[in-house]
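As structure tokens, this is what we get:
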């Protein structure tokens with residue numbers, strides 16, 4: 001049974017963050033986050049076409065975290081059959097020590113479980129230890145190295161969460177009452 005994605009909010013006593021599926025009206029929020037998070041990164045910002053894919057074509061798979069009217073972070077996913085590619089999880093620097101990261105991961109996992117996905121894949125830089133730790137906490141294992149991925153000398157690691165990992169996540173999230 002598929003349960004509709006609900007808005008995920010922080011509990012009482014903490015700042016309220018809303019994590020929800022993107023919608024076309026989130027395009028300016030995504031553009032703002034891209035500029036503020038990635039403008040100094042070597043890979044750079046996502047092109048407007050890619051951003052529109054997230055807000056207009058895959059909005060049920062892409063989630064945005066809002067702090068009132070301010071965008072705080074996002075997670076971008078692209079399903080292909082029963083395999084999801086988690087392209088990016090990014091949190092604005094002002095929110096990196098808050099619950100935003102956790103709430104975005106929770107939205108991702110819930111969507112994977114609700115849709116009965118068979119796998120979820122990630123691509124990450126080898127020295128991005130924070131992202132790799134998040135992936136590992138979900139059960140992901142590195143399955144391949146991708147040299148020269150975006151440019152010459154750019155190495156990326158391809159990792160995957162398989163069906164068994166997803167079932168372990170389902171058991172854990174059900175026990176914690178994060179999914180039903």
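In full-length UniProt numbering, the protein residues as written are 1 to 180. Note that CB positions come from ideal geometry on N, CA and C, so glycine has one too.
{"Query": "DSSP state of residue 156, grouped into three classes?", "Result": "strand"}
{"Query": "Is it right to say residue 48 is buried, meaning 16 or more other beta carbons lie within 10 angstroms of its own, or is it exposed?", "Result": "exposed"}
{"Query": "Could you give the first and the last residue of the continuous beta strand (DSSP E) run that contains residue 67?", "Result": "63 to 67"}
{"Query": "Just the C-alpha distance for residue 61 and residue 150, rounded to the nearest angstrom, thanks.", "Result": "24 Å"}
{"Query": "With the cut-off set at 8 Å, would you say residue 187 and residue 76 are in Cβ contact?", "Result": "This structure gives no information on residue 187, because the portion of the chain shown stretches from 1 to 180."}
{"Query": "On a Cα-Cα basis, can you pick out the residue from 71, 124, 103 and 165 that is closest to residue 30?", "Result": "71"}
{"Query": "Under the three-state reduction of DSSP, which class applies to residue 82: helix, strand or coil?", "Result": "coil"}
{"Query": "Report all residues from its chain with a CB closer than 6 Å to the CB of residue 67; omit the five preceding and five following residues, and keep chain order.", "Result": "17"}
{"Query": "For the candidate residues 96, 25, 35 and 83, whose alpha-carbon lies nearest to that of residue 59?", "Result": "25"}
{"Query": "For residue 207, I'd like the list of residues in its chain whose CB is within less than 8 Å of its CB, leaving aside the five on either flank, ordered along the chain.", "Result": "In the structure displayed, the chain extends from 1 to 180; residue 207 sits before or after that span and is not available."}
{"Query": "With DSSP collapsed to three states, give me the class of residue 179.", "Result": "coil"}
{"Query": "Which same chain residues end up closer than 8 Å to residue 86 when comparing Cβ atoms and leaving out the 5 residues on each side of it in sequence?", "Result": "75, 76, 77, 108, 120, 121 and 122"}
{"Query": "Using 8 Å as the threshold, is the C-beta distance between residue 22 and residue 64 below it?", "Result": "yes"}
{"Query": "With a 10 Å radius around its C-beta and 16 neighbouring C-beta atoms as the bar for buried, classify residue 135 as buried or exposed.", "Result": "buried"}
{"Query": "Hey, residue 139 and residue 161 are a contact pair by Cβ (cut 8 Å); roughly how many whole angstroms apart?", "Result": "5 Å"}
{"Query": "Count the other CB atoms, across all protein chains shown, that sit within 10 Å of the CB of residue 163; report buried if there are 16 or more and exposed otherwise.", "Result": "exposed"}
{"Query": "Suppose you measure from the CA of residue 89 to the CA of residue 73; what does that come to, to the nearest Å?", "Result": "8 Å"}
{"Query": "Quick one: Cα of residue 127 to Cα of residue 148, how far?", "Result": "15 Å"}
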